[in-house]
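Asks: Chains as they are written, first to last, in this note's numbering: chain A, 996 to 1326; chain B, 91 to 750; chain C, 1126 to 1283; chain D, 132 to 413; chain E, 18 to 302.
Virtual Cβ for every residue (Gly too), placed ideally from N, Cα, C.
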C-alpha cells in the first residue's frame, strides 16, 4: 500500500490523537525530534537531526521515584507514568540506536522497568534514506540505510509517496489507522550507499588487543572534555543517579552523564582510574567499537556522523578507524 | 542523620505574647533530623540552661537549635553553656524570635508562621555545622590609651597600677583635657585642679606610663593582642629631656596668641605651656604663630635666652611604631559651636554672651581674671547673670537631639558661684527640666535654689543688647507669661559634641559611630565600654555625654577589661575564620587581593599528581589575622575557601529551608 | 530598564516570601534595635545573618529565586563604616553588576534590592522592609527562575 | 579453572529501593559499624548469595554499594567503613532508622566450584566483610569443603573487626585455623605483628587443591598476589573482589566498567586470571 | 595565506629541532576541506601538518592547562584572541609566561565552516593582531574598530522584563548542559568547577530550565569581569546559544560603572570584581 506525501500531515494528525508523535523538525534553528504540533518546520528531507530520538526512550532527566523522609521513617513511591509515543521519520541509524539501547536496558540479567515501559508504548516508523551526508558511514557499521529491519513500520520513499510496509502488530495497527489515506501501489526506491566507506572487518577483536598500543598517544590532546559527542550520539546511554532534595521530600532521578567528563570516574578520596583525556577518549572509542561488540555483538556506533560534524575540535572516529587499520596486526 | 534538639523560649511573654509557641513546637517536631523539641519560659536562665543540658544527655543530641532572642544577645551565653556539655559550642544555631519576630509583628498567625520559618532555617543550617575549636595567639602586654583627659589618665593609671606598661597619647601639649579647665566640680564643689592635677602628675611620673603629648595616632593594624600602632610625635621644637621648665622663654617670646586653653579670653606666647600646672610642665612652640618658624621674622629670642639650649628649630615630626595588646579610646568631647547655630542668642556678636567653659575660666583662680567674675566686654562685675540651659541639646532640628546630661548640674553650680562670688547678685536660670540623677545632686540643686537662684521654666527665645544690658526674652511656661530679663552677662550651657577628628580615630580602629558621631559601644547596657573590634575599649564622653563620676567609672571599667586580656598568657582566637581546601584551590590569588586584614598569603606547596612531584601555588589563611568576614569566600568562584560557621553549604541550606 | 507592568490579578491575601541577607554588625543590629524600639513592619521578610555583606555570594540570590522566594534584599553597613573595613566595597561592586544582570535576564528590578543600613538606623530598616514587602505584594508571586517543584507546590512537576 | 556463575534476579524495578529498617548497629571498630537490616515486616529483604552486594540508600542523602557480610533467617548484615559523605552520615544514624535497600547485585563467590577444595581466606581491614559471607557459608556446609585457613590483618588491634568470629566462633570450627596479624601491635596484643602478605608467606600454605579468596586494599591485593604466585598458586586459583564507583548496580549506567566488564554485574568477584586480561584501568 | 603557512612550518621546525620547545600547538586539517582543528606537533618531521587557512577557529591557549608543569616550553600559535587568552591565564596565575613560546600571527578573520561566511566572532573582533608574542609571522593587519560592541545587548535591554525573560527562557530550554562553553573558555580555569561539587550542592545535575538558568547566569557572572570576548563559547555550543550576549552584558556594565575595560590586553589591569574604589557608583543608599 502507498501513502502519498501530500497526506503525511493528515496521517500525523490521526496518529497524534492517541499518542505523542515525534517527528524530525527544525525548532528555533535546532533539528530534533519534536512532538507534532510544536511550531517549527517539518524536516523529512534532512538526513538526520542534530538531536537523536533517543530521549524519547531515555530522557536527559528521568524521575525514578518520589520519597518522603522524617527523622525515623522513609517512604518511596515509584513514578510509573509513561504515555504512548510514536516516532515518525526514523532513519536506520536511529533505529540501530534503539536496538542497542534495547540490548542494554532489556537484557543481561536485569530489565530496566523505566525503559521497558516506554519501549512498549513506542511505535517506530522508519523512512529510508534517499541521500547521505558526506559524514554518513552507517553501511560500514552494519546498518542498511535503505531499510531499518527492526522498525515497526518501514516507509519507502518512492518520489511522491511512501510505500508502507507494516512489520509488527504496532505497525499493522498504524496501517489500519491509516487505511482511509492509503492507496494501492507498489514501488521500490533506488538503494543508496554512503560515500564514506570504512573497513570494519575484524576491527573489534584487533582493537581489544590494542589497549597498550601507542595509537592512543596522539589525537586525544585536542579534546576539550565536553559532553557534546556523548549527548548527541544516538547510542550513548551512560547515566548518573542523583536526588533533588527539598527538606524532607524529594525526587530521585537519573540523568545523562558523559564518560568524557573529568569527574565521571572520580571516586571518593580522589582516586580516578581514568585521570586524563587520553584514557577517557580511549575508553569511548573502545566502548563504541570493541567492548559493546564483545558483550552484545553489535557495533555501538551507528555511523550517523553526528559526533564527526558537531565536535568543536573534530575528534573524528572515522579517521581513528582508518588509523587502526594501518596498525600492523601484532601492533 | 544527626540528632537535633530544638528549644523554643517564651522569654516570659516577650515571645509568647505574639508567637503561638505550641504551634512552633509542634511544627519543629516534624523538621528534618529533629528528634527532641521542648519549650521553656526562660531558656537563658539557670534552670533553662540546665534543662537543655539534661535533654542533651537524655536524648543523645549532637546539635542544638534555640528559638529565643537575638543571637547577638545570648549566643555567647549559650555557647559557654554548651562548653560544659560534650557538644561542641559551635553545633548551635539561634533563631531570632524576639527582636525580629514577636517584638516587630502584631498579627499572631503570620508571626507564628515566620517563627516556624526561622526555626526551620536554623534547623537546616545546624545540620551542616561542624565542631570548631579556638586556637591561641600570643598577647603583647602593653596598652595604648588615646586621649589625655581624666578618662585617659584614670584608665592609664589603673592599667599601670596593675603592673602593665601603658602609652598615654595626647594631642594637646599637656594632659588634663577639659576637666583641668574647670574651677569647681559638682556636687562636692571641691576644686577641679586639686583632684585632677595630682592624677596628671601621677600619670606623668608613673614608672609604667609613657606620656606622649603633642602626639596623634597615625596608623593601626593587626588584631587583639597584636595591634601594630604608629604614633606621630608632632614637632614641638623644644627638647623636653633637657628643659627644666624654668619659663624664661615664655616671658621673652614677643608674639602673643589667643590661648585656646583660656577659651580665647586671654593671651599666650608662641612658646607656651597651656596652663601653669601642665604635665609635662615644659613648653612647646606653636609653629603657626612662632615668627621664626612661620617665616615672618628672624626672631629666635627663646633660643638665645634658654639657659639649657633646648630650642631646636629644625625639629620634625617623628613616627614611632610599637605593638600593643589593647587600646582604650578616651578622646573626650568639645562644646558645640553655638555661634554658627543660634543667631537668636547674638551669634557671638555680644562678648558678654559666653559658654560654660568660658565661665569656668572666669571663675577659676588661675584663669584670666584670677577668679573674679568680670564681664569680658568691659571687665566690670555683672550684677545680674542669666544662665540658659539646653543650648544645642534636646533640640533635634537646630542642634543635637540628645540631652548632654551634665549641664543641669554645672548650670546650678554656675548659679551658686555667681551668687556666692558677687554680693547681692541676681541669677536667673532658664531651663526645660532640671535633671539631678546622681548622688547628692538633688540636694545640691535645692541648695542653689535656697541661695536665691531664680529658675524660670522656659526657653530663651531671643537675646539682644539694649542700652548696655543684654535683654533675654523668654516665656515662663509655668505662669504662662512672657518674661524678659535684663542681664549684665549671659552664660549658655551648650551641648557636648564628639571631639574634632574622632572620625579618623574611629576609622583607624575600625569601630563604627552612631548617628551623632559618638563612638559605638558593643551594647548600650551589657557592654558599654567594649567596641565591636576585639581589644579596643571606650572610656568617657567619647562614647556619649556624661559627667565626671561616670567618666571615671568607665575609665576604670575599660582598664579592668584591658587587664582581663593581659591576665592570660595567650588569647583564644575566633574559630569562625576562613579555611582553604587546597585540592580545589587553583592558586588564582583573588582571595588574597580581597582580604582587608592581609590574612591570606599565596604559598607554593609540594603535591604528588599522577605520580609526579610538583609544586603548586595555593592560598593559606593566617588564623590569627583572619577576622572571619567572608569577603574572600564570596570572591572565590569554585568555593575553595570557605568560612567556618557560615560555609557555603550552610547558607545554601538556610536559603533552601526558607523557601520550602 | 523598563519595569514590569503591575500584575492586576494578585489575590489580596497572598503573602510574599522575601529573603534578606543582613550583615551582623550593622543591619542585623539595626533590625534588633527596631525590635528593641517595638517598631512594626510586615512579616514577609526572613533574615539570614552573615558576618559581613561581603560574605553574600550573588549566587545565593540566584538560589533564592530558584528555590521559590519572591524577593531578595541584601543589606550591609554604609561604605566606610564596615566592621571589616572593606567588606561592603566588594558587596557594592558585586551587586551593582548582579542587579543589572538579573534585570537583563528578566527579573523585575524591584524584586532584588540592596541597601546600606547602619546599626543605629532602626527606622530605615523598618521602612526598607515595609517598602520592599509592599512593592513585591503588588508585583505578585515570582515565577521566574523557579524550580517547577515550587511552582505547583510539589505534586506534579515536570 | 573455576567458572563464575552470572545470574541475578530481581522481580520489582531493580532501580527503586524497598524501604527497610536498621534494627541494630554494632561498633566493630572505631570506623567500622555493622548494620542489621530487616524489611518493615521484619523479614529478610532478599536472599543474597555469598559475595553479592546490596545498594544501601540513605534516602535524600545518597546511595552506596556495600557487600552483605552476613545473613540470617530474617536479617541482612552490612559492615560499612566511614570514608565518605554517605558513610559519614550513616555512622551518625541510630537504630530504628528506615532506609532504602535494593539488590542483590553482582556475581557470587564460586561456592559450587570450590566444593571439595581446601579454602584459604585472606582479608585486610574492611576486606574481611565480603570474605566473611563465604566463610559463614563454608561453615554452614562444612562437609563440602576441605581444610579452611583464615588469614586476617588490620592496622591496629582496635581495627580488628568481627572479633568474636575471629577469636571465638571460627577457631572452634573443625579443621579450621585462624591466623590474625596487625601492622602495629600495642601493649596487650600478643598475637603476630606484620603485614598480611609477609604473614601469608611465613605460613607457607601449599597450593595443592586450594582456592584462595583474597579481599582488601589494592596494595595488599597486589603484594598478596605476588606472595601467592611465589608459593606456586596459579592465577585462576585466586579469587578477589574489586572496589569501583557504582551508580545503578545493574550493569546499565556504564559507570563501573573495566574494559567490557561491568564490576557491578560481571563482578565484583573475579579470579586473578580474569583480572590479568582486563585492561589495567581500575 | 600560504607564505605565512610556510613561515609557520619553518619556525616550527627550527624550534623543535633546536629543542627550545617541547611541542607546538597549532592547527591541522581534518577529513574535509573546511575542518581545521588543534594539533600537537612534537616531531620536527611532522611540521607540515601545521596549516594556516580560513578555518583556524579554535583558540589554543587553554590546552596549556592540560600540561601545567612542562619540562620544556610549549610553542603556541597565537592570533589576537589566543594572545589575550594567554594573558588571561597568566593573570589568573594558571600559566607562567616563561613556560610558553608564542608564535604571533596577525589574523584578518576566519570563515564559519558551515556557512563559509566570515565567522561571527571574527566580525566582532577588535584585536586582530596578537597583543603578546615571541616572534611575529607576517606584518600586522589593520585593526577594525567595533563601535557596535554592545548593540545586541542594547537591543535586549530595550525589551520589558517579561519579554527578556521569555527570550532567555527559550535559550536555556535548549541548553543540553554539555559544558563545552565552560571547557573551552580560558577564563574558566578553576581546578574543580562549582558544578562538580555535589557535597556543597550549588548546581543540580538535572537538565531543566531552572538548573540551566542557574548554570548560564552563574558562569556568565564568574567570567564576566575577565572575559576576553574571543567568542569561543558561542562557537562551540552545539545548540547555537547566544552566550556572548550574556558576557557582553557584564562587560557593558563594567564599562559604564567602573570605566572602559577590555580583558586580556595586558596582565596588569585588574578585573573589576577583584578590587574596589571608595568612590564607586552609589545606588544602595
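Does residue 1059 of chain A have its Cβ less than 8 Å from a Cβ in chain D?
Replies: Taking Cβ atoms only, chain D reaches closer than 8 Å to residue 1059 of chain A, which makes this a yes.
Asks: Closest to residue 275 of chain E by CA distance: which of C/1191, C/1176, C/1185, C/1219 is it?
Replies: Ranking C/1191, C/1176, C/1185, C/1219 by Cα distance to residue 275 of chain E puts C/1219 first.
Asks: Within 10 angstroms of its Cβ, does residue 1004 of chain A collect 16 or more other Cβ (buried), or is it exposed?
Replies: Looking at its Cβ environment, which holds fewer than 16 other Cβ atoms inside 10 Å, residue 1004 of chain A is exposed.
Asks: Note down, in chain order, every chain B residue with its Cβ under 7 Å from the Cβ of residue 211 of chain E.
Replies: Simply 727, 728, 729.
Asks: Give the interface partners of residue 1313 of chain A over in chain E, defined as CB-CB distance under 8 Å, in chain order.
Replies: Near residue 1313 of chain A (Cβ distances below 8 Å), the residues of chain E are 48.
Asks: Please classify residue 632 of chain B as buried or exposed, where buried requires at least 16 other C-beta atoms within 10 Å of its C-beta.
Replies: By the 10 Å Cβ count, residue 632 of chain B comes out buried.
Asks: Closer than 7 Å, Cβ to any Cβ of chain A: which residues of the region 216 to 240 of chain B, in chain order?
Replies: Those would be none; no residue qualifies.
Asks: Nearest to residue 243 of chain D by alpha carbon, out of D/181, D/297, D/330, D/329?
Replies: When each option's Cα is compared against that of residue 243 of chain D, the closest is D/181.
Asks: Could you name each continuous beta strand (DSSP E) segment of 3 residues or more that falls completely within the region 1096 to 1149 of chain A, going from the start of the chain to the end?
Replies: Within the region 1096 to 1149 of chain A, the complete beta strand (DSSP E) runs of at least 3 residues are 1117 to 1122.
Asks: Can you tell me whether residue 512 of chain B is helix, strand or coil according to DSSP?
Replies: Three-state result, residue 512 of chain B: coil.
Asks: Going by DSSP, name the residue or residues bridged to residue 323 of chain D.
Replies: BP columns for residue 323 of chain D point to D/312.
Asks: Within the 8 Å Cβ cut-off, does residue 142 of chain B reach chain C?
Replies: Answer no: the Cβ-Cβ gap between residue 142 of chain B and chain C never drops below 8 Å.
Asks: Can you say whether residue 757 of chain B is buried or exposed, counting buried as having 16 or more other CB atoms within 10 angstroms of its CB?
Replies: Nothing can be reported for residue 757 of chain B: it is not among the residues displayed for chain B, which extend from 91 to 750.
Asks: Under a CB-based cut-off of 8 Å, is residue 1182 of chain A close to chain D?
Replies: Taking Cβ atoms only, chain D never reaches closer than 8 Å to residue 1182 of chain A, which makes this a no.
Asks: Which residue's Cα is closest to the Cα of residue 311 of chain D: D/318, D/304, D/293, D/305?
Replies: Of the candidates D/318, D/304, D/293, D/305, the one whose C-alpha sits nearest the C-alpha of residue 311 of chain D is D/293.
Asks: Whose C-alpha, out of A/998, A/1119, A/1095, A/1296, is nearest the C-alpha of residue 1131 of chain A?
Replies: Of A/998, A/1119, A/1095, A/1296, the residue nearest in Cα terms is A/1296.
Asks: In whole angstroms, what is the alpha-carbon distance linking residue 724 of chain B and residue 238 of chain E?
Replies: Rounded to the nearest angstrom, the two C-alpha atoms are 12 Å apart.
Asks: How should residue 1216 of chain C be labelled, buried or exposed, when 16 other C-beta atoms within 10 angstroms of its C-beta is the threshold for buried?
Replies: Burial call: buried.
Asks: State the start and end residues of the unbroken alpha helix (DSSP H) segment that holds residue 56 of chain B.
Replies: What is shown of chain B runs 91 to 750, which leaves residue 56 of chain B out entirely.
Asks: Below 7 Å on C-beta distance, what does residue 298 of chain E contact in chain C?
Replies: Under the 7 Å cutoff, chain C gives 1221.
Asks: Against chain E, does residue 1219 of chain A count as a neighbour if the rule is that its beta carbon must be under 8 Å from one of theirs?
Replies: Yes - at least one Cβ of chain E is within 8 Å of the one on residue 1219 of chain A.
Asks: Do residue 595 of chain B and residue 236 of chain B have their beta-carbon atoms positioned less than 8 Å apart in this structure?
Replies: Yes, the Cβ-Cβ distance between residue 236 of chain B and residue 595 of chain B is below 8 Å.
Asks: Mind checking which residues open and close the beta strand (DSSP E) that includes residue 208 of chain D?
Replies: That run of the beta strand (DSSP E) goes 207 to 212.
Asks: Considering only the beta carbon of each residue, do residue 519 of chain B and residue 477 of chain B sit closer than 8 Å?
Replies: A contact, by the Cβ cut-off of 8 Å.
Asks: Between the alpha carbons of residue 618 of chain B and residue 439 of chain B, how many angstroms are there, rounded?
Replies: Near 41 Å, if we compare the C-alpha coordinates of residue 439 of chain B and residue 618 of chain B.
Asks: Which residue spans inside the region 610 to 650 of chain B form an unbroken beta strand (DSSP E) run of at least 3?
Replies: With a minimum length of 3 residues, the continuous beta strand (DSSP E) runs that stay inside the region 610 to 650 of chain B are 626 to 628.
Asks: With distances taken from CA atoms, which of A/1152, A/1314, A/1173, A/1002 is nearest residue 1211 of chain A?
Replies: It is A/1314 whose Cα lies nearest to the Cα of residue 1211 of chain A.
Asks: Sort out for me which residues DSSP pairs residue 1029 of chain A with in a bridge.
Replies: Answer is A/1018, bridged to residue 1029 of chain A.
Asks: Kindly identify the DSSP beta-bridge partner or partners of residue 311 of chain B.
Replies: The partner list for residue 311 of chain B (beta bridge, DSSP) reads B/318.
Asks: Does DSSP classify residue 261 of chain D as helix, strand or coil?
Replies: Looking at residue 261 of chain D - three-state DSSP - the assignment turns out to be helix.
Asks: On the DSSP bridge list, what partners appear for residue 171 of chain E?
Replies: None, per the DSSP bridge assignment.
Asks: Using a C-beta cutoff of 8 Å, does residue 83 of chain E count as contacting chain A?
Replies: Closer than 8 Å: yes.
Asks: What does residue 225 of chain D reach in chain B if we use C-beta pairs closer than 9 Å?
Replies: Residues of chain B passing the Cβ test: 91, 93, 125, 150.
Asks: Can you give the beta carbon distance from residue 197 of chain D to residue 370 of chain D, rounded, assuming they're within the 8 Å contact cut?
Replies: With 8 Å as the limit, residue 197 of chain D and residue 370 of chain D do not qualify as a contact, their Cβ atoms being about 19 Å apart.
Asks: Is residue 389 of chain B helix, strand or coil by DSSP?
Replies: Note: residue 389 of chain B maps to coil in three-state DSSP.
Asks: Tell whether a beta-carbon distance below 8 Å holds between residue 409 of chain B and residue 308 of chain B.
Replies: Yes. Within cutoff.
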